[in-house]
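Note sheet for the following structure.
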Amino acid sequence: VLTNGDLDHCLGLLSLRENHPLTVYATDRVRRGFTEANVLYRTLERFDDQVTWRALKLGREDELASGLTVEAVPVPGKLPIHLEASSAPDAEDSVGVRIRETRRGTVLAYFSGVGGVTPAVAQALEDADAVFFDGTFWSEDELPALGVGDKRARDMAHAPLGGPHGSLAALGALRASRRILIHLNNTNPLLREDSPERAQVSARGWEVAYDGMEVSL
């Protein structure tokens, strides 16, 4: 499942280029941005129908696998840098997904790149049993403050977590039993287990993802 067309979301597909068929779920915009005029995509065309694309339509529930469905939810985002000069922004450029287990109705919400908590985003998360949410940056000016870049968090379509208008404050009423922050940038102080920022998210009932983490629902 591809939630947007950024390179760090898509390049892993190319490492799956050996003789094995793949099924990829993405919006039509993300599919076209990755496949059209991309010579590297030929590595996934070693034989007929090596890749089967399944179109995600906003707000529609599609079968993902036996007993699972997936629904794409539009989120505030931006075009990948390599497409900014050739495309106009569209609601299909960046999505979060709700994955539902049909027998019990358990819902997992996966929102890895979110430029702001809109009413649609909040509604998609409110009944989820587990939420995996964008934890890229703690503060809006994280990169400029450290002298490692001039872009602010929202310039890159990542709402900061901290502060009165941050994601943590906006999502304070979630009922999910597991709330997990993902996609952390290496500048994020949450990576330090003894940081005051880590203590703050823990006090609010959030966890920070780590390599090898397993979640059972």
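Numbering of the sequence shown is given in my numbering, commencing with residue 3 and proceeding in unit increments. The C-beta atom is built at its ideal place from N, Cα and C for all residues, glycine as well.
C-alpha distance - residue i paired with residue j, whole-angstrom precision
{"i": "Lys59", "j": "Asp50", "result": "25 Å"}
{"i": "Thr28", "j": "Arg100", "result": "Before going on, a small fix: residue 28 reads as Ala here, not Thr. Roughly 13 Å separates the two Cα atoms."}
{"i": "Arg200", "j": "Glu94", "result": "33 Å"}
{"i": "Gln202", "j": "Val53", "result": "43 Å"}
{"i": "Met158", "j": "Asp131", "result": "28 Å"}
{"i": "Gly214", "j": "Leu13", "result": "20 Å"}
{"i": "Pro162", "j": "Asp129", "result": "23 Å"}
{"i": "Pro78", "j": "Leu173", "result": "16 Å"}
{"i": "Leu18", "j": "Thr25", "result": "11 Å"}
{"i": "Asn190", "j": "Arg180", "result": "21 Å"}
{"i": "His84", "j": "Ala57", "result": "22 Å"}
{"i": "Gly164", "j": "Ser218", "result": "28 Å"}
{"i": "Gly151", "j": "Glu142", "result": "12 Å"}
{"i": "Pro198", "j": "Ala205", "result": "10 Å"}
{"i": "Thr108", "j": "Pro82", "result": "32 Å"}
{"i": "Arg31", "j": "Glu73", "result": "16 Å"}
{"i": "Asn21", "j": "Arg106", "result": "36 Å"}
Coil, strand or helix - residue i by DSSP
{"i": "Leu110", "result": "strand"}
{"i": "Ser141", "result": "coil"}
{"i": "Arg156", "result": "helix"}
{"i": "Ser218", "result": "coil"}
{"i": "Asp131", "result": "coil"}
{"i": "Val97", "result": "strand"}
{"i": "Asp220", "result": "Absent from the model: residue 220. The displayed extent of the chain is 3 to 219, so no value can be given."}
{"i": "Arg200", "result": "helix"}
{"i": "Leu4", "result": "coil"}
{"i": "Val116", "result": "coil"}
{"i": "Leu183", "result": "strand"}
{"i": "Val210", "result": "strand"}
Member of the options whose CA lies at the smallest distance from the CA of residue i
{"i": "Thr222", "options": "Leu15, Glu20 and Pro23", "result": "Look at the range of the chain in this structure, 3 to 219, and you will see that residue 222 is not part of it."}
{"i": "Lys221", "options": "Arg19, Asn6 and Thr54", "result": "For residue 221 there is no data in the structure shown, the boundaries of the chain being 3 and 219."}
{"i": "Asp8", "options": "Arg48, Gly174 and Val97", "result": "Val97"}
{"i": "Ala175", "options": "Lys153, Trp140, Val210 and Val133", "result": "Val133"}
{"i": "Leu145", "options": "Val109, Tyr43 and Asn188", "result": "Asn188"}
{"i": "Asp136", "options": "Thr120, Ser169, Leu24 and Arg154", "result": "Ser169"}
{"i": "Trp55", "options": "Arg33, Arg48, Thr45 and Glu47", "result": "Arg33"}
{"i": "Glu47", "options": "Asp30, Pro23 and Ala57", "result": "Pro23"}
{"i": "Val75", "options": "Ala211, Val123 and Ser204", "result": "Val123"}
{"i": "Gly207", "options": "Pro82, Ala126 and Ile182", "result": "Ile182"}
{"i": "Ala171", "options": "Trp140, Ala126 and Tyr112", "result": "Trp140"}
{"i": "Glu103", "options": "Leu186, Ala147, Glu65 and Arg44", "result": "Glu65"}
{"i": "Ala111", "options": "Pro121, Thr120, Ala126 and Arg105", "result": "Ala126"}
{"i": "Ile184", "options": "Tyr212, Ala178, Glu73 and Pro166", "result": "Tyr212"}
What are the start and end residues of each continuous beta strand (DSSP E) run of 3 or more residues lying completely inside the segment 58 to 92, in chain order?
Fully enclosed beta strand (DSSP E) runs of 3 or longer: 63 to 67 and 70 to 76.
Are three or more beta carbon pairs between the segment 84 to 91 and the segment 55 to 75 nearer than 8 Å?
Taking 8 Å as the limit for Cβ pairs, the verdict is that the segment 55 to 75 does not touch the segment 84 to 91.
Inside the segment 24 to 53 only - beta strand (DSSP E) runs reaching at least 3 residues
Taking 3 residues as the shortest admissible run, the segment 24 to 53 contains the following complete beta strand (DSSP E) segments, listed from N- to C-terminal end: 24 to 28.
Would you call the segment 114 to 121 and the segment 187 to 197 touching, i.e. three or more CB-CB distances under 8 Å?
These segments do not touch.
Check whether the segment 30 to 46 and the segment 63 to 72 touch, using three or more Cβ-Cβ pairs below 8 Å as the test.
Counting C-beta pairs with one atom in each stretch, the segment 30 to 46 and the segment 63 to 72 have fewer than three that are closer than 8 Å, which means they do not touch.
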